[in-house]
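Asks:
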Amino acid sequence: MSGQTPSLSIDYLLEADPNIISVIPAEQLSLPTVNLEACPEQSRSRVVRGVDAINRAMKRPYIVDRFTDHEQRREWRRQIGETYGADARVYLETNALRINTINALLTGTSIILQAYGTQEDLRIQQAQDALRAAGHLVRASYDAMPALEKIEVVRGIKQLVCETLRLFEKEEQAALPSETYQPAVPVPIMDVIADVAVV
Numbered sequence: 173m174s175g176q177t178p179s180l181s182i183d184y185l186l187e188a189d190p191n192i193i194s195v196i197p198a199e200q201l202s203l204p205t206v207n208l209e210a211c212p213e214q215s216r217s218r219v220v221r222g223v224d225a226i227n228r229a230m231k232r233p234y235i236v237d238r239f240t241d242h243e244q245r246r247e248w249r250r251q252i253g254e255t256y257g258a259d260a261r262v263y264l265e266t267n268a269l270r271i272n273t274i275n276a277l278l279t280g281t282s283i284i285l286q287a288y289g290t291q292e293d294l295r296i297q298q299a300q301d302a303l304r305a306a307g308h309l310v311r312a313s314y315d316a317m318p319a320l321e322k323i324e325v326v327r328g329i330k331q332l333v334c335e336t337l338r339l340f341e342k343e344e345q346a347a348l349p350s351e352t353y354q355p356a357v358p359v360p361i362m363d364v365i366a367d368v369a370v371v
């Protein structure tokens, strides 16, 4: 499989397939550049892999389809692969709304937190709590959400990831306040995360 998706077949697929409602491009978020020098040397390769996974997940488009049943969606993706080729199926699998994308964002960020900090660091604890709450929200109710709510959740998680990585941003590393961590995530998802964290 090549790294490039043939645009002609993908464009045709997006226009012709009645199961695709819309494709929303990924946001143009500026991911903070983490300060590798501040990370223990033995953890740097893990941080680089975590950042790479996050970068790939951040660039995925939101592909909204008509399916409410995940098994039907999986079968549809298989048929797309047979009809249009493996690259078309892979393109659909890069959907930002997939649980795999959310897992890449949360896991990649968690790996970075573990590499940089200790449990005694309040900022690290608060960021880990926010990530755990987001993961719990996804496990508890994400599958049943309508597409627009899923988009809001994924966008909120992307914001949470960006704010978390700012803890380790090169330019601001020394200037960060240590007493509180308040991610600038849209209020609806943060309210839900806060509610879930209390349970």
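Numbering of the sequence shown is given in the working numbering, commencing with residue 173 and proceeding in unit increments.
All residues carry an ideal CB built from backbone N, CA and C; glycine is no exception.
1) What residue does the alpha helix (DSSP H) around Val333 start on, and which one ends it?
2) Just to confirm my understanding: we take Val220, look at its own chain, exclude 5 residues before and 5 after, and list those with CB closer than 8 Å. What are they?
3) DSSP puts Asp237 in a beta bridge; with which residues?
4) Return helix, strand or coil for Trp199, following the three-state DSSP convention.
5) Grab the span of the alpha helix (DSSP H) containing Leu269 for me, first residue to last.
6) With a CB to CB cut of under 8 Å and the five nearest residues on each side skipped, what residues in its chain are close to Ser174?
7) What distance in whole Å lies between the Cβ atoms of Leu277 and Ile226, which are believed to be in contact at a cut-off of 8 Å?
8) Roughly how many angstroms separate the alpha carbons of Ala306 and Leu185, rounded to a whole number?
9) How long is the line joining the alpha carbons of Leu264 and Asp237, rounded to whole angstroms?
10) In the DSSP assignment, find the unbroken alpha helix (DSSP H) run with Glu341 in it and report its ends.
11) Apply the 10 Å Cβ neighbour rule to Ala188 and answer buried if 16 or more other Cβ atoms are within range, or exposed otherwise.
12) Measuring CA to CA, which of Leu332, Asp241, Pro197 and Ser202 is closest to Gly280?
13) Shortest alpha-carbon distance to Leu337 belongs to which of Ala198, Arg261 and Thr205?
14) Assuming the contact rule is C-beta atoms closer than 8 Å, Val310 and Ile274 should be a hit. Round their C-beta distance to whole Å, please.
15) Taking the CB atoms as reference points, tell me whether Arg373 and Ala287 lie closer together than 7 Å.
16) Is it right to say Asn272 is buried, meaning 16 or more other beta carbons lie within 10 angstroms of its own, or is it exposed?
17) Can you grab the Cα-Cα spacing for the pair Ala347 / His308, in whole Å?
18) Straight-line CA distance for Val195 to Tyr234?
19) Do you know offhand how far Ala268's Cα is from Asn191's?
20) Just to check my reading of the structure: Arg232 and Thr255 have Cβ atoms closer than 8 Å, yes? What is that Cβ distance to the nearest angstrom?
21) Which residue marks the beginning of the alpha helix (DSSP H) containing Glu243, and which one marks its end?
Replies: Put simply:
1) Ala319 to Leu337
2) Leu208
3) Ile192
4) First, the residue type needs correcting, since residue 199 is Glu and not Trp in the sequence shown. Three-state DSSP puts Glu199 in coil, outside helix and strand.
5) No alpha helix (DSSP H) holds Leu269; DSSP gives it neither H nor E.
6) Annotation note: pLDDT 42 at Ser174 (below 50); position unreliable, no value reported.
7) That belief holds up - the Cβ atoms of Ile226 and Leu277 are roughly 6 Å apart, short of 8 Å.
8) 33 Å
9) 10 Å
10) It is not in any alpha helix (DSSP H) - Glu341 carries neither H nor E in the DSSP assignment.
11) exposed
12) Leu332
13) Its Cα nearest to that of Leu337, the residue Thr205 stands out among Ala198, Arg261 and Thr205.
14) 5 Å
15) For the chain, the structure presents residues 173 to 371; residue 373 sits outside this window and is missing.
16) exposed
17) Here Ala347 scores only 48 on pLDDT, less than 50, and its place in the model should not be relied on; the value that follows carries that caveat. Between Ala347 and His308, the C-alpha separation is close to 32 Å.
18) 6 Å
19) 17 Å
20) Not confirmed; about 22 Å, so no contact.
21) His242 to Tyr256
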